[in-house]
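Undergrad: Mind having a look at this structure? Questions to follow.
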């Protein structure tokens, strides 16, 4: 059951003690590709080096809205320089993690919006998909994506919105990233939405080290748990794990332009 984890932060400090062992366990579990996302200028080199060193790792680079205090105006120019230098590189698969976060205390919505739109413009220029972080901001994000119609779309990561919001992303050509949050028994709305989603719109993710699935409650989340997430979400969806894994694998390869 080959799987692709479309959203991780494997470069983060919680993986420093055993990163290579985690990757080995992922291979043994059938997780054949892992996307690691940059969140601020200071970790892009670390993310890119990990992608260069590890055959199953692919990189995305971006400026995350939660780290707004770390971003400087010059970092957009630095991001563009990185994208220019890596243009056509097989290991660079997307721009991300980018987006809008209205859940954090006192969000600077205007600055988040400017940063998002600048990065969407880069995605259009370099013809890359985007990996989107959206918390309590689906209406604003959907309106923005309608103004910036990207050729290659992207993923609304850790999707937990309504069916109506899911339908808007799908109409705009975006996949919906599903992970550990949807495996919890109390996630009733997510379960209802999951049962309605067309399989061609679903991609699987862990968001490791965050958002562990119900089966690994209280643990550091890890890409090696993706098979468990797939099994739990498939049971809620009412299909076999193999059917969900195959759909997610196909959708991920289509999005990132991989031969799978």
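Numbering (the numbering used here), first residue to last: 295 to 554.
By construction, the Cβ of each residue, glycine as well, lies at the ideal position given by its N, Cα and C atoms.
Tell me residue 534's beta-bridge partners as DSSP assigns them.
TA: Residue numbering aside, residue 534 sits at position 240 when the chain shown is read from its first letter. Looking at the DSSP assignment, residue 534 forms no beta bridge with any residue, so it has no partner.
Undergrad: Taking the C-alpha atoms as reference points, what is the distance between residue 622 and residue 394?
TA: Residue numbering for the chain in the displayed model covers 295 to 554; residue 622 lies beyond these limits and cannot be assessed.
Undergrad: Identify, in the order they occur along the chain, each residue of the same chain with its Cβ nearer than 8 Å to the Cβ of residue 532, setting aside the five sequence neighbours on each side.
TA: Here residue 532 is taken as the residue at index 238 of the chain shown, counted from 1. These residues qualify, in order along the chain: 489.
Undergrad: Leaving out five residues on either side along the sequence, give the residues of the same chain with a beta carbon under 7 Å from the beta carbon of residue 325.
TA: On the chain shown, position 31 is the one that residue 325 refers to. Only 297, 299, 517, 518, 520 meet the Cβ criterion.
Undergrad: Considering only their Cβ atoms, is the gap separating residue 343 from residue 328 smaller than 7 Å?
TA: Working through the chain shown from its first residue, we reach residue 328 at position 34. Working through the chain shown from its first residue, we reach residue 343 at position 49. Not closer than 7 Å, so no.
Undergrad: Out of 475, 386, 392, 447, state which residue places its alpha-carbon closest to the alpha-carbon of residue 506.
TA: Within the chain shown, numbered from 1, the residue matching residue 506 stands at position 212. Checked all of 475, 386, 392, 447; the closest Cα to residue 506 is 475.
Undergrad: Which of the three DSSP states, helix, strand or coil, is assigned to residue 463?
TA: Counting from one through the chain shown, the residue named residue 463 turns up at place 169. Helix, per DSSP.
Undergrad: Pull up the distance between the alpha-carbon of residue 341 and that of residue 459, whole angstroms please.
TA: Reading the chain shown from its first residue, position 47 is the one you call residue 341. Reading the chain shown from its first residue, position 165 is the one you call residue 459. Cα-Cα distance, rounded: 31 Å.
Undergrad: Could you check the C-alpha separation between residue 525 and residue 508 for me, to the nearest Å?
TA: Against the chain shown, residue 525 aligns to sequence position 231. Against the chain shown, residue 508 aligns to sequence position 214. If I take the Cα positions, the gap works out to 12 Å.
Undergrad: In the structure shown, what three-state DSSP assignment does residue 368 receive?
TA: In the chain shown, residue 368 corresponds to position 74, counting from 1. Residue 368 falls in the helix class under three-state DSSP.
Undergrad: Can you give me the start and stop residues for the beta strand (DSSP E) that residue 340 sits inside?
TA: On the chain shown, position 46 is the one that residue 340 refers to. Unbroken run through residue 340 is the alpha helix (DSSP H), 338-347; no beta strand (DSSP E).
Undergrad: Taking 6 Å as the limit between beta carbons, can you name the residues of its chain near residue 295, skipping five residues before and five after?
TA: Here residue 295 corresponds to residue number 1 of the chain shown, with the count starting at 1. Result list for residue 295: 324, 536, 539, in chain order.
Undergrad: Hey, could you find the ends of the alpha helix (DSSP H) residue 331 is sitting in?
TA: In the chain shown, counting from the first residue as 1, residue 331 sits at position 37. Looking at the DSSP string, residue 331 is not in any alpha helix (DSSP H); the run it does join, the beta strand (DSSP E), is 325-331.
Undergrad: Please report the distance separating the alpha-carbon of residue 358 from that of residue 530.
TA: One-based indexing of the chain shown puts residue 358 at position 64. One-based indexing of the chain shown puts residue 530 at position 236. Taking the straight line joining both Cα atoms gives about 31 Å.
Undergrad: Specify, as a first and last residue, the run of the beta strand (DSSP E) that residue 430 falls within.
TA: Translated into positions along the chain shown, residue 430 becomes position 136. Careful: residue 430 lies outside any beta strand (DSSP E) and carries neither H nor E.
Undergrad: Give me the Cα-Cα distance between residue 354 and residue 382, rounded to the nearest whole angstrom.
TA: Against the chain shown, residue 354 aligns to sequence position 60. Against the chain shown, residue 382 aligns to sequence position 88. Approximately 13 Å between the Cα atoms of the pair.
Undergrad: Would residue 367 pass as an interface residue toward chain B - the criterion being a Cβ-Cβ separation below 7 Å?
TA: Included in the structure is just one protein chain, with no chain B present.
Undergrad: On the DSSP bridge assignment, give the partners of residue 562 in chain order.
TA: In this structure the chain extends from 295 to 554, so residue 562 is not present and cannot be described.
Undergrad: For a test of the three-state rule: what should DSSP assign to residue 386, helix, strand or coil?
TA: Residue mapping note: residue 386 aligns to position 92 of the chain shown, counting from 1. DSSP places residue 386 in strand when its eight states are reduced to three.
Undergrad: Quick one: is residue 387 buried, meaning 16 or more other Cβ sit within 10 Å of its Cβ, or exposed?
TA: On the chain shown, position 93 is the one that residue 387 refers to. Result: buried.
Undergrad: Determine, using beta carbons only, whether residue 406 and residue 392 come nearer to each other than 7 Å.
TA: Your numbering for residue 406 matches position 112 in the chain shown. Your numbering for residue 392 matches position 98 in the chain shown. Not a contact, by the Cβ cut-off of 7 Å.
Undergrad: Output the distance between the C-alpha atoms of residue 418 and residue 402, rounded to the nearest integer angstrom.
TA: The sequence position of residue 418 within the chain shown is 124, counting from 1. The sequence position of residue 402 within the chain shown is 108, counting from 1. Between residue 418 and residue 402, the C-alpha separation is close to 25 Å.
Undergrad: What is the DSSP secondary structure of residue 471, reduced to helix, strand or coil?
TA: Taking the chain shown and counting its residues from 1, one reaches residue 471 at position 177. DSSP places residue 471 in strand when its eight states are reduced to three.
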